[in-house]
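Participant: Each residue of the sequence shown is one higher than the one before, starting from 22 at the first, in our numbering.
Yeah, the Cβ is synthetic: ideal placement off N, Cα and C, and Gly gets one too.
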Amino acid sequence: MRMPFNVLLSASLLAAATLAQAQVVKVDGSSTVYPITEGVAEDFQKMKKNAIKVTVGISGTGGGFKKLCRGEIDVQNASRPILEKEMADCRAAGIEYIELPVAFDALTVVMNPKNTFLKSITVAELKAIWEPAAQGKILRWNQVNPAWPDAPIKLFGAGSDSGTFDYFTEAVNGKSKSSRGDYTASEDDNVLVQGVSQDVNAIGYFGFAYYAENQARLKSVPIVEKAGKPPVAPSEATVLDGTYQPLARPIFIYVNAKSLAKPEVREFAEYYMKTASKIAKEVKYVPLPAKAYTIGLDHIAKGKKGTVMGGKNEVGIRIDELLAREAKL
22 MRMPFNVLLS
32 ASLLAAATLA
42 QAQVVKVDGS
52 STVYPITEGV
62 AEDFQKMKKN
72 AIKVTVGISG
82 TGGGFKKLCR
92 GEIDVQNASR
102 PILEKEMADC
112 RAAGIEYIEL
122 PVAFDALTVV
132 MNPKNTFLKS
142 ITVAELKAIW
152 EPAAQGKILR
162 WNQVNPAWPD
172 APIKLFGAGS
182 DSGTFDYFTE
192 AVNGKSKSSR
202 GDYTASEDDN
212 VLVQGVSQDV
222 NAIGYFGFAY
232 YAENQARLKS
242 VPIVEKAGKP
252 PVAPSEATVL
262 DGTYQPLARP
272 IFIYVNAKSL
282 AKPEVREFAE
292 YYMKTASKIA
302 KEVKYVPLPA
312 KAYTIGLDHI
322 AKGKKGTVMG
332 GKNEVGIRID
342 ELLAREAKL
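1. Do you know offhand how far Y314's Cα is from G324's?
2. Locate the beta strand (DSSP E) running through I73, then write down its first and last residues.
3. Thinking G184 and R287 are a contact (beta carbons under 8 Å), I'd like their distance in whole angstroms, please.
4. From the beta carbon of P173, is the nearest beta carbon of chain D less than 8 Å away?
5. Give the single residue among K305, T328, V193 and D110 whose Cα lies nearest to the Cα of G337.
6. Distance, Cα to Cα, K295 vs A72?
7. Do Y55 and N277 count as a contact pair if the criterion is CB distance below 8 Å?
8. Put E285 into one of helix, strand or coil per three-state DSSP.
9. Closer than 8 Å is the cut-off here; do at least three beta carbon pairs connect the region 91–106 with the region 44–62?
10. Can you tell me whether G81 is buried or exposed? The criterion is at least 16 other CB atoms within 10 Å of its CB, across all chains shown.
11. Mapping DSSP to helix, strand and coil, what is N211?
12. My guess is that D126 and R270 are in contact by the Cβ rule of under 8 Å, so how many angstroms apart are they, rounded?
13. Based on the DSSP output, what are the partners of T205 in its beta bridges?
14. So what's N241 in DSSP terms, helix, strand or just coil?
15. Look up A36 in the DSSP assignment and say whether it is helix, strand or coil.
16. Mind checking who K47 pairs with in its DSSP beta bridge?
17. Quickly, what does DSSP pair L121 with across the bridge? List them, please.
18. On the DSSP bridge assignment, give the partners of T143 in chain order.
19. Would DSSP call Q266 helix, strand or coil?
20. In whole angstroms, what separates the C-alpha of L104 from that of C111?
21. Check whether the region 249–263 touches the region 154–168, taking contact to mean three or more Cβ pairs, one atom from each stretch, closer than 8 Å.
22. Can you tell me whether T137 is buried or exposed? The criterion is at least 16 other CB atoms within 10 Å of its CB, across all chains shown.
23. DSSP three-state call for F227: helix, strand or coil?
24. By a C-beta neighbour count over all protein chains shown, 10 Å radius and 16 as the cutoff for buried, is L34 buried or exposed?
25. Can you round the beta-carbon distance between L268 and L128 to whole angstroms, since I take them to be within the 8 Å contact cut?
26. Measuring CA to CA, which of R201, A155, E146 and K67 is closest to P167?
27. Rounded to the nearest angstrom, what separates Y306 and K106 at their Cα positions?
28. Go ahead and pull the three-state DSSP assignment for M24.
29. In chain order, which beta strand (DSSP E) runs of at least 3 residues are fully inside the region 148–200?
30. Could you spell out the range, first to last residue, of the beta strand (DSSP E) harbouring Q97?
31. Measure the C-alpha to C-alpha separation of A254 and A282 and round it to an integer number of angstroms.
32. Shortest alpha-carbon distance to A345 belongs to which of G317, N334 and I321?
33. Taking C-beta to C-beta, are E120 and F273 nearer than 8 Å?
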């Protein structure tokens, strides 16, 4: 039996009113941090029986900081620390923030699984491929290493709004945002996965979680930090022992300090610190020691604002160093 129109209308209005009353936490930023935040958000919404909605966008770390400093979002996903220019923009807009490390990532160089010649790659070789001077000139593998084939290099990497782009260029080329531009760029790591998986001559880079999720379609390339050192593959063990250099890095969320006055944002931030270790491990990042999340909860409780990273990417920082700084904030 069909329900009367007035009953259907009342039900629709009630549903609309319920949706309008739902509290919303707005998150945006890094695609690298996205898998952790999305996992936390899903569990949080289930726990709250969808009384609180968490929206998670992917505009890249740089894009997310722009939104944070305009007061448009409550939480910013960041695959690198906030930079001096962004700190100044937030300051000018009266936006303060709480910096919360959530995990460590092994930024991963990937190749097509059918590639048989690339057993490892040195940081110097990565620079020869990716530095600005390579644009339009270094187009074939044997130009980088004569032992490699005379075949075209197909490059896939993070877009310029990505914190991964900032960190990779700093670590490999010695200057943030210094890169050749003739490559397929995207803030969406799934686009990069697709590109590398479809071309035998391709190489790219992105966060470890996307590699781990696509190991049937990709191979990681072990990194040789310096001449005389052995190649090291990305893994939880090599991040924890500090041997995966220079591409191991901390990843963060930044909470708008004003937003913490909203109970739903405070509750989400606290829940994040209580569950980040479990979710990070599930999505193949390296969880921080339990002490790190306790420090994060303390920063939320006491409203400890600012950054311990000095407004710049810091290549090679280890987990114990990061924790020591956060404890002193």
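Facilitator: Based on what the coordinates show:
1. 15 Å
2. I73 to V77
3. Not really, about 25 Å apart at Cβ, beyond 8 Å.
4. The displayed structure is made up of one protein chain only, and chain D is not part of it.
5. V193
6. 20 Å
7. no
8. helix
9. yes
10. buried
11. helix
12. 6 Å
13. F177
14. It should be noted that the sequence gives Ser, not Asn, for residue 241. In the structure shown, S241 sits in a strand (DSSP, three-state: E or B).
15. Residue confidence for A36 is low, a pLDDT of 46 falling below 50, so the modelled location carries little weight and cannot support an answer.
16. T76
17. I274
18. V245
19. coil
20. 11 Å
21. no
22. exposed
23. strand
24. Note that L34 has pLDDT 48, beneath the 50 cutoff, so the model's placement of it is unreliable and no number is given.
25. 4 Å
26. E146
27. 28 Å
28. Note on M24: pLDDT 46, under 50, position unreliable in the model; the coordinate value appears next. Three-state result, M24: coil.
29. 175–179
30. V96 to A99
31. 43 Å
32. G317
33. yes
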